[in-house]
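Okay, so the sequence shown: first residue is 66 according to this note's numbering, each after it adds one. The structure under discussion appears below in the form of structure tokens.
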Amino acid sequence: MKFGVEVDRRLFIASLGGAAAVAAMDHEARAESLEDYMAQQLEEPQGQAQGGAFAPAQPGEKFPTVAELAAQNENRAMRRGVGDVFMGRAGRVTKLDPMPAKPTLQDFFKLRFSTVNHVLQSANRAMQTGMTEEVILACLLHDVSQTLIKVDHGWWGAQLFEPYVPEKVSWAIRYHQALRFYPDHAAGYEYPDLYKRLFGVDYEPPPHIQAAYKFAKNHKWYMEARLVTVNDLYAFDPNVKVSIDPFIDIIGRQFKQPKEGLGNDTSPSAHMWRAMALPDSPL
Ligand SMILES: [Fe+2]
Ligand SMILES: [Fe+2]
66 MKFGVEVDRR LFIASLGGAA AVAAMDHEAR AESLEDYMAQ QLEEPQGQAQ GGAFAPAQPG
126 EKFPTVAELA AQNENRAMRR GVGDVFMGRA GRVTKLDPMP AKPTLQDFFK LRFSTVNHVL
186 QSANRAMQTG MTEEVILACL LHDVSQTLIK VDHGWWGAQL FEPYVPEKVS WAIRYHQALR
246 FYPDHAAGYE YPDLYKRLFG VDYEPPPHIQ AAYKFAKNHK WYMEARLVTV NDLYAFDPNV
306 KVSIDPFIDI IGRQFKQPKE GLGNDTSPSA HMWRAMALPD SPL
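Written out as structure tokens, the structure is:
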């Protein structure tokens, strides 16, 4: 099986609980754990993969084809579109810290969201390059719906945030997903090597993505969504850590925090917040 990532033996053993734990595993369990570990390295949304799944292509790197990736699905423990909060590293989930009674957006950043380092880096770039508050907020929120579900995360993310942010922000979150497949040289956006690894080198976006691109391209808010993708490109450095502090004022001005707490209000997306707050609930 070829994932295009290198496995750091030391990190892999540590992820399984150390050398003694590995020694106690039978051969099959070890092989399964390795496969899980490699898959997670590849798909790690925060850019923390040690093997550099988000790095630019190496000279001579061979990207998988769509068919090769599809063939791997027969050996996966879960679908590739599953949300991060529902899967564990190396095949195991951990105990989650409880949420406060009235959770805020910052609480979700601290206690539940995945992709945090990535979205903070992208919002930081938007801020450093003087983009508008709407674009900065869209960057800050653009991928955190992957906590809940990865497939079609732009649409899920837009729906999650629609009741609480300006329309332009949720629009940019929705359409960044489609625009990521289409270069815009003038805006400084090129097709990312990451997508050749994740989707296959011969991947063609499905009709709903093509239609969304055509629609967004001629929309007055095109640049809002496009700038999310531009900042996205530069936001996968595992060695850069950005705090949420520079964005607290923008959140205060632009995000309508419900007084009951996210998930406890009656908004159309309250159940999505609850699903992230309580992902161990069996029904
Ligand atoms: Fe995204
Ligand atoms: Fe992103």
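Ideal Cβ placement from N, Cα and C applies to all residues, glycine included. Source: prediction; values computed, not measured.
Whole-Å CB distance - residue i paired with residue j, under 8 Å assumed
i: Leu-185; j: Ile-316; result: With a Cβ gap of about 12 Å, Leu-185 and Ile-316 do not count as contacting.
i: Arg-351; j: Tyr-254; result: With the chain represented from 66 up to 348, any question about residue 351 goes unanswered, as that position is not in the structure.
i: Arg-177; j: Val-200; result: Not quite, the Cβ-Cβ distance comes to about 24 Å (not below 8 Å), so this is no contact.
i: Val-230; j: Phe-320; result: 6 Å
i: Gln-322; j: Leu-213; result: In fact, because the Cβ distance is near 19 Å, the residues do not count as touching under 8 Å.
i: Gly-304; j: Ala-191; result: This sequence places Asn at residue 304; Gly is not what is there. With a Cβ gap of about 20 Å, Asn-304 and Ala-191 do not count as contacting.
i: Ser-334; j: Leu-263; result: Actually they are not in contact, since the Cβ atoms of Ser-334 and Leu-263 sit about 26 Å apart, beyond 8 Å.
i: Val-293; j: Cys-204; result: 6 Å
i: Val-131; j: Tyr-299; result: Not really, about 27 Å apart at Cβ, beyond 8 Å.
i: Gly-148; j: Lys-215; result: 6 Å
i: Pro-129; j: Val-266; result: 7 Å
i: Tyr-247; j: Ala-277; result: The Cβ separation is near 10 Å, so there is no contact.
i: Glu-325; j: Lys-233; result: Wrong, their Cβ atoms sit about 26 Å apart, outside the cutoff.
i: Ala-252; j: Trp-286; result: 14 Å between Cβ atoms; not a contact.
i: Gly-222; j: Leu-206; result: 7 Å
Counted within 10 angstroms of its Cβ, other Cβ atoms place residue i as buried (16 or more) or exposed
i: Pro-168; result: buried
i: Gln-211; result: buried
i: Glu-139; result: exposed
i: Leu-202; result: buried
i: Ala-114; result: Note that Ala-114 scores a pLDDT of 35, beneath 50, so its modelled location is shaky; the value from the coordinates is reported in the next line. It counts as buried.
i: Gln-242; result: buried
i: Ala-166; result: exposed
i: Asp-208; result: buried
i: Thr-331; result: exposed
i: Thr-194; result: exposed
i: His-336; result: exposed
i: His-273; result: exposed
i: Leu-348; result: exposed
i: Ile-313; result: exposed
i: Gln-111; result: For Gln-111, the pLDDT reaches just 36, beneath the cut-off of 50, and the residue's location in the model is therefore unreliable, although a value from the coordinates is still provided. Buried, since its Cβ has 16 or more Cβ neighbours within 10 Å.
i: Ser-346; result: exposed
i: His-349; result: The structure shown does not extend to residue 349, since the chain is modelled only from 66 through 348, so no value can be given for it.
i: Glu-109; result: Low confidence applies here, because Glu-109 scores a pLDDT of 47, under 50, leaving its location unreliable; read the following figure in that light. Buried, since its Cβ has 16 or more Cβ neighbours within 10 Å.
i: Leu-107; result: Legend: pLDDT at Leu-107 = 41, less than 50; position of this residue unreliable, no value from coordinates given.
i: Pro-124; result: exposed
i: Glu-158; result: The sequence shown places Val at residue 158, rather than the Glu named in the question. Label assigned to Val-158: exposed.
i: Ala-104; result: Confidence at Ala-104 is low in this model, with a pLDDT of 44, below 50, so its placement is unreliable and the value that follows should be read with caution. The residue is buried, with at least 16 neighbouring Cβ atoms inside 10 Å.
i: Arg-144; result: exposed
i: Pro-257; result: buried
i: Ala-188; result: buried
i: Arg-245; result: buried
i: Ala-342; result: buried
i: Gly-146; result: exposed
Boundaries of the alpha helix (DSSP H) in which residue i is found, first to last residue
i: Pro-121; result: Run containing Pro-121: none; DSSP gives neither H nor E here.
i: Gln-137; result: 131-137
i: Asp-172; result: 170-176
i: Thr-294; result: 287-298
i: Glu-201; result: Looking at the sequence itself, residue 201 is Ile, so the reference to Glu does not match. Its alpha helix (DSSP H) spans residues 198-206.
i: Phe-280; result: 272-282
i: Glu-232; result: 232-244
i: Arg-339; result: 335-342
i: His-183; result: 181-193
i: Arg-262; result: 258-264
i: Gly-222; result: 218-226
i: Asp-314; result: 313-319
Cβ of residue i within 8 Å of any chain D Cβ
i: Val-158; result: The chain labelled as chain D is not found in the depicted structure, where only one protein chain is given.
How about the segment 151-167 and the segment 277-290: do they share at least three Cβ pairs that are nearer than 8 Å? no
Ligand 2 site residues, beta-carbon cut 5 Å against heavy atoms: Asp-208, Asp-297
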